[in-house]
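Enquirer: Please see the structure below; I have some questions.
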Amino acid sequence: MKIKKTILAMLILSVLLNVNIFGKNVHDKLISLNFKNTDIKTVLSAFAQKTGLNVIPNKTVTGKVTADITKMNALKALEGLLDAYGYTYTQKGKTLYVTSIKTNKGLVLRTFSLQYIQANELKNLVLDILDKSLGEGVSVSPLLNSISIQTRPQKMQMILKMIKDIDVAPMQVHVEAKIIELKSGLGDTSNPSSVGVNWKYKHSSDNYAQQLTTEELNTAATSLGNYAQILSENMDLYLSALEKSVGYDLIASPWITALNHQEASILIGSKYGYKSTITTTTGTLEKVEFLEVGTKLRFTPHINQDGYIRMDIYPSISEGSVINSLPQESTTETKNTVLVKDGQTIVIGGLTKNYTNQIEVGTPILSNIPFLGMLFRRTELVQEKRDIMVLITPYILTPEFLEKMNAEKKIMEEKYQEKKEQNSKLIY
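Each residue of the sequence shown is one higher than the one before, counting from 147 in my numbering.
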């Protein structure tokens, strides 16, 4: 009996010694492996071959793995790799059992107050990184524009860096626009000075003429196609020459500031309300919508690092009304994408506006006879078409530009004050 117990004790001791020696060898062994978008079961099989261990993954262990391991301790490398992808292992003798992390153990929670980016926009980016099956999650507070994230410490550091990179003040563009209506007589395309209609003339010089003649109006710009041109110099000089040669009426002169990559718009016109009906499974809903008519300008600026601005510009002119709760609209619009330097002016033509004028036509002398004159005169409706031009000058909002604007504002205030004082002296 004593002999049997002695043999059994020796066998147990031998097994324990083998496990310890084996474990020591595994802990000391350095391995190098490289994986790129490789199935995780293939990766675990490679570890098994390198270490001599049996690796058994749970059925929940799935997915692709990318890793570059160079001369690392085998078990530490495996532990780090599994942790990065939301898995862990337990060791029993020569066998490693790989399973998913099912608890929130090791997760950290942080809340970030965002300054510029919207919390919901960031949420969509963070969700692509988190793994809900591991207890990771994200919640936002639109009112406070804050986001709360729960994840592992390593991933939290990555998210923190991402937030620092994208939650920055966006660049802005200040746009000075002028919408003008050219006076009658410009619809004759045989007239070389037909600005806004005849766009076949090309820019022949890099220098803008100081005194523009009628013939020079079209050569003062670089053609970008049928509807858009870039002025080579000052917009005020161009408008001055335009006024002297053909004349125009200023419809609007708005100043608009827009965020980079964000659309801005202006409407000079009217909004006509009308009811629309929506039928759902629970009933019928009515809501009020609006038809916008008039002169509308929409644009989206895109600033690049070289000081250029790509402008997506959508000017339109529309007329319309609401008849029997149905909106009726006729529109003339263009779509332009133009790349300009900071401070250059874009001229857009190709827009027209129709007028109906009532005029009185009569026989000379006879039409002026009291009472009988109405027999010799009549009223006619005359259709007139006028061209609309849009001039847009975008400026990148830099500290230097803001300083310049403040200086100009100060000068204008001083001139206003001087004029006010002069008027006061005249009164006395």
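Every residue gets a Cβ at the ideal spot worked out from N, C-alpha and C, and that includes glycine. Because the structure is a prediction, the values reported are computed rather than measured.
(1) Nearest to GLU526 by alpha carbon, out of LEU271, PRO540, ILE505 and ILE538?
(2) Consider the Cβ of LYS210: report whether some Cβ of chain E lies at a distance smaller than 8 Å.
(3) What did DSSP end up calling ALA315 once you bin it into helix, strand or coil?
(4) The alpha helix (DSSP H) spanning GLY226 covers which residue range?
(5) Quickly, what does DSSP pair GLY440 with across the bridge? List them, please.
(6) Once you ignore the five residues that flank ALA454 on each side, which residues in its own chain have a CB closer than 8 Å to its CB?
(7) Can you say whether ARG298 is buried or exposed, counting buried as having 16 or more other CB atoms within 10 angstroms of its CB?
(8) What is the residue span of the beta strand (DSSP E) that THR234 lies within?
(9) Assuming LYS240 contacts LEU199 under a Cβ cut-off of 8 Å, what Cβ separation, rounded to an integer in Å, is found between them?
(10) I need the DSSP call for PHE517, collapsed to helix, strand or coil.
(11) Which value, in whole angstroms, describes the spacing of the CA atoms of ASP395 and HIS320?
(12) Looking only at its chain, what residues have a beta carbon closer than 8 Å to the beta carbon of LYS556, apart from the 5 residues adjacent to it on each side?
(13) Whole angstroms is fine: what's the gap from LYS205's alpha carbon to THR236's?
(14) Just reading off the beta strand (DSSP E) that TYR384 is part of, what are its end residues?
(15) Is the separation between the beta-carbon of ILE326 and that of MET457 shorter than 8 Å?
(16) Report yes if the CB atom of ILE414 is closer than 8 Å to the CB atom of ILE402, and no otherwise.
(17) With a Cβ-Cβ cutoff of 8 Å, do SER462 and GLU479 count as a contact?
(18) From VAL189 to ASP229, what does the alpha carbon distance come to, in whole angstroms?
(19) Pull up the distance between the alpha-carbon of ILE295 and that of VAL207, whole angstroms please.
(20) Tell me the residue span of the alpha helix (DSSP H) that contains PHE193.
(21) Return the chain-ordered list of same chain residues with a C-beta closer than 7 Å to the C-beta of ILE263, the five sequence neighbours on each side being excluded.
(22) Taking DSSP as the reference, what is the three-state secondary structure of PRO400?
(23) Taking buried to mean at least 16 other C-beta atoms within 10 Å of its own C-beta, is LEU548 buried or exposed?
(24) Assuming PRO540 and PRO447 form a contact by the criterion Cβ under 8 Å, report the distance between their Cβ atoms to the nearest whole angstrom.
Expert: In terms of the structure at hand:
(1) ILE505
(2) Protein chains in the displayed structure number just one, and chain E is not present.
(3) coil
(4) 220–230
(5) GLY415 and SER464
(6) Residue identity differs from the one stated: residue 454 is Tyr in this sequence, not Ala. Answer for TYR454: LEU485, VAL486, LYS487 and ASP488, listed in chain order.
(7) buried
(8) 233–238
(9) 6 Å
(10) coil
(11) 24 Å
(12) none
(13) 15 Å
(14) Run containing TYR384: none in the beta strand (DSSP E); it sits in the alpha helix (DSSP H), 381–391.
(15) no
(16) no
(17) yes
(18) 14 Å
(19) 24 Å
(20) 186–197
(21) ILE312 and ASP313
(22) coil
(23) exposed
(24) 6 Å
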